[in-house]
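Residue numbers (full-length UniProt numbering), protein chains in the order written: chain A, 1 to 145; chain B, 1 to 145; chain C, 1 to 145.
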Amino acid sequence: MTRNALDTPAPDQLYAQIQQFYALHMGLLDDGAVDAWASFFTPDAVFEDNTTPEPLRGREAIRATVRTRVEHLRAERRQFRHWFGMVDVAVQPDGELHTRMYALAMSTVVDGPLRIHGHVVCRDRLIPRGGSWTVHNRRVEVDGV
Amino acid sequence: MTRNALDTPAPDQLYAQIQQFYALHMGLLDDGAVDAWASFFTPDAVFEDNTTPEPLRGREAIRATVRTRVEHLRAERRQFRHWFGMVDVAVQPDGELHTRMYALAMSTVVDGPLRIHGHVVCRDRLIPRGGSWTVHNRRVEVDGV
Amino acid sequence: MTRNALDTPAPDQLYAQIQQFYALHMGLLDDGAVDAWASFFTPDAVFEDNTTPEPLRGREAIRATVRTRVEHLRAERRQFRHWFGMVDVAVQPDGELHTRMYALAMSTVVDGPLRIHGHVVCRDRLIPRGGSWTVHNRRVEVDGV
Numbered sequence: 001m002t003r004n005a006l007d008t009p010a011p012d013q014l015y016a017q018i019q020q021f022y023a024l025h026m027g028l029l030d031d032g033a034v035d036a037w038a039s040f041f042t043p044d045a046v047f048e049d050n051t052t053p054e055p056l057r058g059r060e061a062i063r064a065t066v067r068t069r070v071e072h073l074r075a076e077r078r079q080f081r082h083w084f085g086m087v088d089v090a091v092q093p094d095g096e097l098h099t100r101m102y103a104l105a106m107s108t109v110v111d112g113p114l115r116i117h118g119h120v121v122c123r124d125r126l127i128p129r130g131g132s133w134t135v136h137n138r139r140v141e142v143d144g145v
Numbered sequence: 001m002t003r004n005a006l007d008t009p010a011p012d013q014l015y016a017q018i019q020q021f022y023a024l025h026m027g028l029l030d031d032g033a034v035d036a037w038a039s040f041f042t043p044d045a046v047f048e049d050n051t052t053p054e055p056l057r058g059r060e061a062i063r064a065t066v067r068t069r070v071e072h073l074r075a076e077r078r079q080f081r082h083w084f085g086m087v088d089v090a091v092q093p094d095g096e097l098h099t100r101m102y103a104l105a106m107s108t109v110v111d112g113p114l115r116i117h118g119h120v121v122c123r124d125r126l127i128p129r130g131g132s133w134t135v136h137n138r139r140v141e142v143d144g145v
Numbered sequence: 001m002t003r004n005a006l007d008t009p010a011p012d013q014l015y016a017q018i019q020q021f022y023a024l025h026m027g028l029l030d031d032g033a034v035d036a037w038a039s040f041f042t043p044d045a046v047f048e049d050n051t052t053p054e055p056l057r058g059r060e061a062i063r064a065t066v067r068t069r070v071e072h073l074r075a076e077r078r079q080f081r082h083w084f085g086m087v088d089v090a091v092q093p094d095g096e097l098h099t100r101m102y103a104l105a106m107s108t109v110v111d112g113p114l115r116i117h118g119h120v121v122c123r124d125r126l127i128p129r130g131g132s133w134t135v136h137n138r139r140v141e142v143d144g145v
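Printed below as a string of structure tokens:
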């Protein structure tokens with residue numbers, strides 16, 4: 001959460017825009033459209049994950065790593081879903097957005113039951129780009145790690 | 001997802017309205033108010049489901065089929081919940097909305113544990129009616145089927 | 001649900017504001033910031049729960065009870081998450097808001113799997129305070145109880 005006195009709560013319209021942003025962004029990943037998903041990151045984006053010792057640095061590294069994961073899921077015939085919710089948006093003085101969301105990671109193999117892998121807190125720094133937003137920094141913390 | 005060049009992202013206020021629409025619509029179903037739930041469909045609505053060979057055609061067929069399911073749940077004393085999230089809304093040139101949502105189907109019997117049945121992708125075509133919306137077409141795809 | 005003729009659906013901007021309100025409010029609780037979480041209740045707030053015979057009366061009672069629970073979770077090294085969704089907001093003639101949400105209660109111990117405890121329907125009466133809202137009454141109904 002770590003709000004501070006400089007944070008401004010998101011204006012209401014912006015809040016809805018950010019929800020739609022994540023529905024589109026993560027829906028692309030779940031559909032296997034890795035290039036489209038990766039295009040939401042800045043070229044110098046950093047992706048940190050508390051299950052991995054080193055962050056991914058740069059959109060190309062993010063794309064390559066995630067493409068490998070998506071190909072593995074496809075080989076398993078596993079439909080993965082990233083479900084974001086409880087979005088909190090704080091506008092920064094420089095126009096950046098700091099967001100915090102809850103996320104559930106879940107998947108289903110063909111003819112199999114739904115498996116819920118775990119709960120995650122995701123924090124993004126978003127930078128404006130052409131009427132929408134790009135992810136400059138993403139920090140993912142899997143609960144229990 | 002299948003956005004195309006003619007799609008326009010939802011204006012921000014509309015997006016919030018659609019979220020509220022689904023909370024109300026599906027809350028009515030989970031409360032067992034099948035008539036009120038069915039009134040959100042157009043008389044000629046089509047309901048497609050990848051677990052069923054033939055779509056339901058017309059509000060009356062949708063209502064009758066779902067009423068039977070709800071009576072079955074009531075006999076089991078099973079509280080069913082339809083949880084929609086990750087809503088994506090695209091405004092069409094003719095004023096229709098094309099929506100895509102994730103949905104979790106879950107239920108609890110009296111004194112029993114929560115059971116999460118599966119994950120679903122739901123796509124609606126919504127038509128304006130009197131300041132709100134009606135479902136003209138719903139396509140439900142259960143993951144793993 | 002129990003809407004009546006006097007209820008007015010939430011204006012769209014208000015709806016987004018209330019979603020952000022719950023993300024912030026419940027995020028504080030999950031972060032263990034019990035005082036900050038409790039500050040969202042009015043001094044005379046009432047908290048009803050269908051798993052408990054008597055409601056909690058007053059912000060101090062709510063805070064003390066929840067602090068004990070949070071300390072217990074911390075001793076277990078259990079990260080608890082309250083996930084709200086499917087928010088329905090109805091503006092009352094006197095300016096109060098009546099909200100209804102679905103909630104999933106889930107938790108993860110260190111190195112353990114995600115456990116989803118149950119599904120809840122939460123109903124609040126919210127009173128305006130300084131550009132935001134306070135909870136005057138919360139009624140929590142755990143499914144299956």
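We put the beta carbon where it would ideally sit given N, CA and C, even for glycine.
Just so you know, these numbers come straight off a predicted model, no measurement behind them.
Tell me whether G131(C) sits in a helix, a strand or coil according to DSSP, three-state version.
In this structure, G131(C) counts as coil in the three-state DSSP scheme.
Is there a C-beta anywhere in chain C that falls below 7 Å from the one on I116(A)?
At least one chain C Cβ lies under 7 Å of I116(A).
Got a sec: is the Cβ-Cβ distance from V140(B) to anything in chain A below 7 Å?
So, not an interface residue.
Indicate the three-state DSSP secondary structure (helix, strand or coil) for E96(B) in the structure shown.
If DSSP states are grouped into helix, strand and coil, E96(B) belongs with coil.
Straight-line CA distance for R59(A) to I116(C)?
Distance between the alpha carbons of R59(A) and I116(C): 34 Å.
Classification of R138(B) by the beta-carbon crowding that lies within 10 angstroms, buried from 16 upward
Within 10 angstroms of the beta-carbon of R138(B) lie 16 or more other beta-carbons, which makes it buried.
Measuring CA to CA, which of F40(B), V89(B), E48(B) and R69(B) is closest to L24(A)?
Ranked by Cα distance from L24(A), the options F40(B), V89(B), E48(B) and R69(B) are led by V89(B).
Tell me the rounded alpha-carbon separation between F84(A) and M106(B).
Looking at the two C-alpha atoms, the distance is approximately 18 Å.
Using beta carbons (cut-off 7 Å, strictly below), is G144(C) in contact with chain B?
So, interface residue.
Helix, strand or coil for A144(B)? Go by DSSP, reduced to three states.
It should be noted that the sequence gives Gly, not Ala, for residue 144(B). DSSP places G144(B) in coil when its eight states are reduced to three.
Need the endpoints of the beta strand (DSSP E) that residue 155(C) sits in, please.
Outside the modelled stretch of chain C, which goes from 1 to 145, sits residue 155(C), for which no answer is possible.
Alpha carbon to alpha carbon, how far is F80(B) from L73(B)?
Roughly 7 Å separates the two Cα atoms.
Pull out every residue of the segment 21–44 of chain B whose Cβ sits closer than 8 Å to any Cβ of chain C, in chain order.
Of all residues in the segment 21–44 of chain B, Y22, A23, L24, M26, G27, L28, D31 and A33 have a Cβ within less than 8 Å of some Cβ in chain C.
Proximity test, Cβ basis, 7 Å: H82(C) and chain B
So no, H82(C) is outside the interface.
Simplified DSSP assignment, three categories, for V110(C):
If DSSP states are grouped into helix, strand and coil, V110(C) belongs with coil.
7 Å Cβ cut-off: residues of chain A touching G85(B):
What G85(B) touches in chain A: W83 and G85.
How far does the beta strand (DSSP E) with D49(A) in it reach, from first residue to last?
Counting along the chain, the unbroken beta strand (DSSP E) around D49(A) starts and ends at F41 to D49.
Among F40(C), V87(C), A75(C) and V110(C), which has the Cα closest to the Cα of A103(C)?
Checking every option, the nearest Cα to that of A103(C) belongs to V87(C).
Helix or strand or just coil, what does DSSP make of A65(C)?
According to the sequence as given, residue 65(C) is Thr; it is not Ala. T65(C) sits in a helix when the DSSP states are folded into three classes.
Comparing the C-beta of A64(B) with each C-beta of chain A, is any distance below 7 Å?
Cβ-Cβ to chain A under 7 Å: no for A64(B).
Within 7 Å of any Cβ in chain C, is that where the Cβ of M1(A) sits?
Reliability fails at M1(A), whose pLDDT of 42 lies under 50, so the model's placement of it is uncertain and the value that follows must be treated cautiously. Closer than 7 Å to some Cβ of chain C, the Cβ of M1(A) qualifies, so yes.
Listed by chain order, chain A residues near T108(C) by CB distance under 8 Å:
Here the neighbours are G118, H119, D143 and G144.
Where does A10(A) land, buried or exposed, given buried means 16+ other C-beta within 10 angstroms?
Buried, by the Cβ-count rule.
With DSSP as the reference, please indicate the residues paired to Y102(B) in a beta bridge.
Assignment of beta-bridge partners to Y102(B) by DSSP yields G85(B) and V121(B).
Residues bridged to I116(C) [DSSP beta-bridge criterion]:
Answer is M106(C), bridged to I116(C).
Using the Cβ count rule (16 or more neighbours within 10 Å means buried), how would you classify G130(C)?
Classification for G130(C): exposed.
Applying a beta-carbon distance threshold of less than 8 Å, which residues of chain B neighbour Q92(C)?
Contacts between Q92(C) and chain B, judged by CB atoms closer than 8 Å, are missing: the closest CB pair is about 16 Å apart.
Taking the alpha helix (DSSP H) that A23(A) falls in, what are its first and last residues?
Segment D12 to D30, the alpha helix (DSSP H) holding A23(A).
Buried or exposed by the 16-neighbour rule on C-beta atoms within 10 Å, applied to L6(C):
Reliability of the predicted coordinates at L6(C) is poor, the pLDDT of 46 falling under 50, and the value obtained from them is presented with this limitation in mind. Result: exposed.
Neighbour-count burial assignment, T108(B), 16 or more Cβ in a 10 Å radius
Classification of T108(B): buried, given that the 10 Å Cβ count is 16 or more.
Decide if G144(B) is buried, meaning its Cβ has at least 16 other Cβ atoms within 10 Å, or exposed.
Per the 10 Å Cβ criterion, buried.
What's the gap between the Cα of A45(C) and the Cα of R57(C)?
Approximately 6 Å, taken between the alpha carbons.
Going by alpha carbons, who is nearest to E71(C) out of A33(C), D49(C) and V121(C)?
Cα-wise, what sits closest to E71(C) is A33(C).
Could you give the distance in angstroms between the alpha-carbon of residue 147(A) and the alpha-carbon of W37(A)?
Nothing in the structure corresponds to residue 147(A), since chain A is present only between 1 and 145.
Under 7 Å, Cβ to Cβ, is there at least one residue of chain B near L6(C)?
At L6(C), the pLDDT of 46 sits below 50, so the modelled position is not reliable; the number obtained from the coordinates is stated separately. Not one chain B Cβ lies under 7 Å of L6(C).
Measuring only between beta-carbons, confirm whether A103(C) sits less than 7 Å from chain B.
Using a CB distance cut-off of 7 Å, A103(C) does not count as an interface residue toward chain B.
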